[in-house]
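This report concerns only the one structure given below.
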Amino acid sequence: MQKVISEIEQRELAKGIKGRYFHTNSTTIGFVDIEKGAILPAHSHIHEQTTQITEGQLEMTIGGVTQILKPGVITLIPSNVVHSARALTNCKVVDIFSPVREDYK
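Just so you know, we're using the UniProt record's numbering here: the sequence shown kicks off at 1 and counts up by one.
Written as structure tokens, this is what we have:
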């Protein structure tokens, strides 16, 4: 299966945070645009998640530890760990979830 990322329907996750999601049999890949100043409230989910910053700077708090993510950085968010984020600049992020995010289909 092949898709053009820009043609995948975009969904708003929170104010200023919009993602396009591609699903395989075992993962969900998210291509996320985040506006400067946007906040992703603290939450957790059963999915293991990796987050890779491709553009911008994103402040993330994962399990109580705050770090600044920049292009070229990838981080792991283990299953059921509380995490949040705040965009210090406009950002582009690639998230990978396992298992599939059925709620994003």
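Where a beta carbon is used, it is the ideal one built from N, C-alpha and C, also for glycine.
If only complete runs of 3 or more residues are kept, the UniProt domain "Cupin type-2" (31-97) shows the beta strand (DSSP E) at 39-43, 48-55, 58-62, 65-69, 74-77 and 83-87, in order along the chain. A direct Cα-to-Cα measurement between threonine 27 and threonine 50 gives close to 11 Å. Using a Cβ distance threshold of 8 Å, glutamine 67 and valine 93 do not count as a contacting pair. With respect to valine 4, glycine 19 sits apart: the two C-beta atoms are not nearer than 8 Å. Taking a 10 Å sphere around the C-beta of alanine 14, we find fewer than 16 other C-beta atoms and assign the residue as exposed.
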